[in-house]
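Chains as they are written, first to last, in the working numbering: chain A, 8 to 229; chain B, 141 to 599.
Before any comments, here is the structure.
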């Protein structure tokens, strides 16, 4: 599947993975404009090169905690909506919520292992670059597991099981036709469900992409 | 009363050798004994004779404080200034402790003049304060009795021994010697001649003066004994409690060290896994993904990706091996500490020699796993430090086991200057060692040599 060539910044402190990613992206026709090894360098590279998307490792020096995540958020403060695909050895829903907090979308949060499925990884990269929100199925699974302990006053409590499932797929970054294929529904049924979800979460009719991000954010914060 | 010093103890050698010495120094020990006893009797007498004045002053101050304290409590409503009025009890107790310490030859176990641990602030919850008050109240009658006895003994002794002198100076003032047996009944001693008078007075005076040390000692035992009982925490219960408290504190410190060491080790392990095998495996998966993607159209790229994947798999295995060695070294588990240390010495970057003593052979399988592991990691970490920081040319590993302690140490001929608070991972090692009740010693003068020793308790 020929994808649009993207200008990419890669940030990972492990040389091993950085080189692997650079080679992988180059082979697919993307252009890696900068490959950096820590948070401040990432912010600098994003502001300097204005890439179509950045691939960021969460854990980087000097603190080796969530340095990469915070650098990605800082970079987006300077350049709102700069697409970020964050990779990590483990995923936590609260990290995803931090990333989505500005409501601008164009973020991805995936387990590092996903790069092994090269096609899915490249697809996610492409979708993030185009402004979608892509969350790892594990994050979504964590959220679904948390639903059972949901207190009744949460807006999500009003959603039906079907609607929650649909919201989960939206969080994973799937488009309406893809969701329709997965759930074996018609496109109009999916649109109707999504409309219900937006209404129940109190999201006004607006730019549809923006509403999707807000819905996922409500999902993460519940 | 102590007997005349045992002369055989003073002359432990053969008679032939000691005879000339005896001829010259026969009286010296006896004179020393008399001098010491006399001096002690005088010190004790001073202690006893000055006691009532101090005790009376102390009692007045303390009683005053006891009356002022409730008034202060009513007026100020704050317990602290009210209790502060009892401060004189503390001062008096301190004076008395100091005085008792002067005559402490009998007061074994009264080290220091502070007597007992106490809070800096004066608080009503400090039982010591109330014992001080009790002492100030109780001690006065005892002090009066001992004062009367001591004063009487001195007076009678001095009076009788100076009788002949006074008799010479004022002749003719001699009265007949009689004993008054109460209510007008008298008994003549029938000492007819002045010579007999003098002899009787001298005998009585000498008797009184010779028994004086005995009397002062009894009085001091009574008076200072009371002080000791109230002013020092000599009671068995108190000692037991403070012993238990100390044990508890040690155990607590050990637990904290153990938890810290464990948490630090786990965190390091997580980092090591993250930075090592996990990255390798992600890269391996990535290469396999590439290979799969290029398999049909670009077999060359696929082949290169597969070759890379194999390398990553091998590296990941190697890293996992190193990690498991870091958690529980297989050779330590399988063959015991001496063998494991030999292996460490063999792997060391800086040439290392392990001095295996004859005793070390018996160590195998006899040690606690915790002790063995701690000793192993101290040596491993110390060797890593030698390689990283010391610039040493060679180093030596040692291991000794005696008197319930296992000592493991590493010495190098490097530049020195290592310290526990400088990092170098020594702090973590210290925690690890303290966690099992041992301690880590680092001697590392600037310029070297450096020795890191772990002393670990073991049966």
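Note that CB positions come from ideal geometry on N, CA and C, so glycine has one too.
- For the candidate residues 490(B), 237(B), 458(B), 442(B), whose alpha-carbon lies nearest to that of residue 522(B)? Here residue 522(B) refers to the residue found at position 382 when the second chain is read from its first residue. Comparing Cα-Cα distances from residue 522(B) to each of 490(B), 237(B), 458(B), 442(B), the minimum goes to 490(B).
- residue 88(A) versus 80(A), 94(A), 95(A), residue with shortest Cα-Cα distance: Translated into positions along the first chain, residue 88(A) becomes position 81. Among 80(A), 94(A), 95(A), the Cα nearest to that of residue 88(A) is on 80(A).
- Could you work out which residues of chain A lie near residue 437(B), taking near to mean beta carbons separated by less than 9 Å? Translated into positions along the second chain, residue 437(B) becomes position 297. Residues of chain A passing the Cβ test: none, with the nearest at roughly 11 Å.
- Query: residue 208(A) to residue 163(A), Cα distance in whole Å?
  - Reply: Residue mapping note: residue 208(A) aligns to position 201 of the first chain, counting from 1. Residue mapping note: residue 163(A) aligns to position 156 of the first chain, counting from 1. Whole-angstrom Cα-Cα distance: 7 Å.
- Let me know the secondary structure DSSP gives residue 372(B) once reduced to three states. Mapped onto the second chain, residue 372(B) falls at position 232. Here residue 372(B) sits in coil by DSSP.
- Message: List, from N- to C-terminal side, the alpha helix (DSSP H) runs of 4 residues or more that fit wholly inside the segment 262-286 of chain B.
- Response: none
- Query: Under three-state DSSP, which class holds residue 116(A)?
  - Reply: What you label residue 116(A) is simply residue 109 of the first chain in a count that begins at 1. Three-state DSSP puts residue 116(A) in a strand.
- Task: Check each candidate in 128(A), 72(A), 84(A) and name the one with the smallest Cα separation from residue 102(A).
- Result: As a position in the first chain, residue 102(A) is number 95, starting the count at 1. Selected option, being the one with the closest Cα: 72(A).
- Item | Local conformation of residue 91(A) per DSSP, three classes | Here the question's residue 91(A) lines up with position 84 in the first chain. Of the three classes helix, strand and coil, the one that applies to residue 91(A) here is strand, per DSSP.
- DSSP state of residue 61(A) mapped onto helix, strand, coil: Along the first chain, read from residue 1 onward, the residue named residue 61(A) stands at position 54. In this structure, residue 61(A) counts as strand in the three-state DSSP scheme.
- Please list, in chain order, all residues of the same chain as residue 177(B) whose beta carbon is under 7 Å from its beta carbon, the five residues on each side excluded. Counting from one through the second chain, the residue named residue 177(B) turns up at place 37. Cβ within range, chain order: 353.
- Identify which residue in 485(B), 483(B), 478(B) has its Cα closest to the Cα of residue 541(B). Here residue 541(B) corresponds to residue number 401 of the second chain, with the count starting at 1. The option with the nearest alpha carbon to residue 541(B) is 478(B).
- Would you kindly report the start and end of the unbroken alpha helix (DSSP H) that includes residue 427(B)? Position 287 of the second chain, counted from the first residue, corresponds to residue 427(B). For residue 427(B), the enclosing alpha helix (DSSP H) has its first and last residue at 419-434.
- Going along chain A in order, which residues have a C-beta closer than 8 Å to the C-beta of residue 428(B)? The count along the second chain starts at 1 and reaches residue 428(B) at position 288. In chain order: 123.
- Reducing DSSP to helix, strand and coil, say where residue 597(B) ends up. Residue 597(B) sits at position 457 when you count from the first residue of the second chain. Of the three classes helix, strand and coil, the one that applies to residue 597(B) here is strand, per DSSP.
- Message: As a quick exercise: from 589(B), 579(B), 515(B), pick the residue whose alpha carbon is nearest that of residue 535(B).
- Response: In the second chain, residue 535(B) corresponds to position 395, counting from 1. Among 589(B), 579(B), 515(B), the Cα nearest to that of residue 535(B) belongs to 589(B).
- Task: Specify, as a first and last residue, the run of the beta strand (DSSP E) that residue 541(B) falls within.
- Result: The sequence position of residue 541(B) within the second chain is 401, counting from 1. Residue 541(B) -> beta strand (DSSP E) spans 535-542.
- Fully enclosed by the segment 454-478 of chain B, which alpha helix (DSSP H) runs are 4 residues long or longer? 470-475
- Item | CA-to-CA distance, residue 208(B) to residue 236(B), given in whole angstroms | Your numbering for residue 236(B) matches position 96 in the second chain. Your numbering for residue 208(B) matches position 68 in the second chain. One C-alpha to the other measures close to 23 Å.
- Message: Let me confirm a value: residue 110(A) is counted as buried when at least 16 other C-beta atoms fall within 10 Å, else exposed. Which label applies?
- Response: As a position in the first chain, residue 110(A) is number 103, starting the count at 1. By the neighbour-count rule (16 or more Cβ atoms within 10 Å), residue 110(A) is not buried but exposed.
- Query: Tell me, which residues are paired with residue 493(B) by DSSP?
  - Reply: The sequence position of residue 493(B) within the second chain is 353, counting from 1. Looking at the DSSP assignment, residue 493(B) forms a beta bridge with 536(B).
- Item | Exposure of residue 119(A), with buried meaning 16 or more beta-carbon neighbours within 10 Å | Position 112 of the first chain holds residue 119(A). By the neighbour-count criterion, in which 16 or more other beta carbons inside 10 Å mark a residue as buried, residue 119(A) falls on the buried side.
- Whole-angstrom Cβ separation of residue 415(B) and residue 463(B), contact assumed at under 8 Å? Here residue 415(B) refers to the residue found at position 275 of the second chain. Here residue 463(B) refers to the residue found at position 323 of the second chain. At roughly 11 Å, the Cβ-Cβ gap does not stay under 8 Å, so residue 415(B) and residue 463(B) are not in contact.
- Item | Near-chain B residues of the segment 90-116 of chain A - C-beta to any C-beta below 8 Å | 96
- Beta-carbon of residue 454(B) versus every beta-carbon of chain A: anything under 8 Å? Along the second chain, one-based indexing puts residue 454(B) at 314. No, residue 454(B) lies away from the interface with chain A (no Cβ there is under 8 Å from its Cβ).
- Message: If you measure between the beta carbons of residue 364(B) and residue 243(B), is that distance less than 8 Å?
- Response: By 1-based counting over the second chain, the position of residue 364(B) is 224. By 1-based counting over the second chain, the position of residue 243(B) is 103. For residue 364(B) and residue 243(B), yes; Cβs fall inside 8 Å.
- Query: With DSSP run on the structure shown, which of helix, strand or coil describes residue 558(B)?
  - Reply: Residue mapping note: residue 558(B) aligns to position 418 of the second chain, counting from 1. Coil at residue 558(B), not helix or strand.
- At which residues does the beta strand (DSSP E) containing residue 552(B) begin and terminate? Here residue 552(B) refers to the residue found at position 412 of the second chain. That run of the beta strand (DSSP E) goes 545-552.
- Determine whether the Cβ of residue 148(A) lies closer than 8 Å to any Cβ atom of chain B. One-based indexing of the first chain puts residue 148(A) at position 141. Chain B, which has no Cβ nearer than 8 Å to the Cβ of residue 148(A), makes this no.
- Task: Please name the residue in 582(B), 275(B), 565(B), 442(B) whose C-alpha comes closest to that of residue 408(B).
- Result: For the purposes of this step, residue 408(B) is identified with residue 268 of the second chain, where counting begins at 1. With distances taken between Cα atoms, residue 408(B) lies closest to 565(B).
- With a CB to CB cut of under 7 Å and the five nearest residues on each side skipped, what residues in its chain are close to residue 8(A)? For this step, residue 8(A) is matched to residue 1 along the first chain. The predicted model places residue 8(A) with a pLDDT of 46, which falls under 50 and marks its position as unreliable, so this point remains unresolved.
- Message: Using a Cβ distance threshold of 8 Å, determine whether the segment 339-349 of chain B contacts the segment 289-302 of chain B, with at least three qualifying pairs required.
- Response: yes
- Please determine if the segment 466-475 of chain B and the segment 424-440 of chain B are in contact, where contact requires at least 3 C-beta pairs separated by less than 8 Å. At 8 Å Cβ cutoff, the stretches do not touch.
- Query: If we call anything under 8 Å between Cβ atoms a contact, is residue 387(B) one with residue 420(B)?
  - Reply: Here residue 387(B) is taken as the residue at index 247 of the second chain, counted from 1. Here residue 420(B) is taken as the residue at index 280 of the second chain, counted from 1. Contact: no.
- Query: From residue 422(B) to residue 65(A), what does the alpha carbon distance come to, in whole angstroms?
  - Reply: Locating residue 422(B) in the second chain gives position 282, where the first residue counts as 1. Locating residue 65(A) in the first chain gives position 58, where the first residue counts as 1. Near 15 Å, if we compare the C-alpha coordinates of residue 65(A) and residue 422(B).
- Message: Quick check on the burial criterion: 16 or more other C-beta atoms within 10 angstroms. Buried or exposed for residue 402(B)?
- Response: The residue given as residue 402(B) occupies position 262 in the second chain. Taking a 10 Å sphere around the C-beta of residue 402(B), we find fewer than 16 other C-beta atoms and assign the residue as exposed.
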